[in-house]
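Residue numbers (our numbering): 429 to 547.
Quick reminder that beta carbons are idealized off the backbone N, C-alpha and C, glycines included.
Keep in mind the model is a prediction, meaning the values are calculated, not measured.
Reviewing the structure listed below.
Written as structure tokens, this is what we have:
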């Protein structure tokens, strides 16, 4: 597949570029083996793009009285109240809190939901 090969090539080029300050002679040789004519000293470094690095889906841990009971995957931009609702309706959680009084709900953004219950 052409796309997979281009991704592999770009990855190898990036690794060679990042290793250049540590092992310059070897990386220059590898660079020319890839068919690149310019020197590694003249190539610009990769630029960090936070949009690419951000996660689209995150995993939220659901606890009951401080003990992990389940995990759910939600979109990274999901609102806290919606995440709490999803946590309460999770099949592993719903039966454990059924008929019990929810004393408190703690939501740590992008990390966990802790549901404190009493009989």
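Run of the alpha helix (DSSP H) containing residue i, from where it starts to where it stops
{"i": "residue 532", "result": "That residue, residue 532, is in no alpha helix (DSSP H); its beta strand (DSSP E) goes 529 to 536."}
{"i": "residue 434", "result": "430 to 447"}
{"i": "residue 516", "result": "508 to 517"}
{"i": "residue 480", "result": "478 to 481"}
From the options, residue whose alpha carbon lies closest to that of residue i
{"i": "residue 463", "options": "529, 528, 440", "result": "440"}
{"i": "residue 535", "options": "528, 526, 546, 516", "result": "516"}
{"i": "residue 460", "options": "475, 444, 474", "result": "444"}
Endpoints, the beta strand (DSSP E) within which residue i is located
{"i": "residue 487", "result": "485 to 492"}
{"i": "residue 450", "result": "Looking at the DSSP string, residue 450 is not in any beta strand (DSSP E), and its letter there is neither H nor E."}
Residue i - partner residues in DSSP beta bridges
{"i": "residue 496", "result": "491"}
Counted within 10 angstroms of its Cβ, other Cβ atoms place residue i as buried (16 or more) or exposed
{"i": "residue 490", "result": "buried"}
Handout entry: At least three beta-carbon pairs within less than 8 Å, the stretch 452 to 470 to the stretch 509 to 529
Key = no
Problem - Inter-stretch contact at 8 Å, needing at least 3 Cβ pairs: the stretch 443 to 457 / the stretch 494 to 503 - result: no
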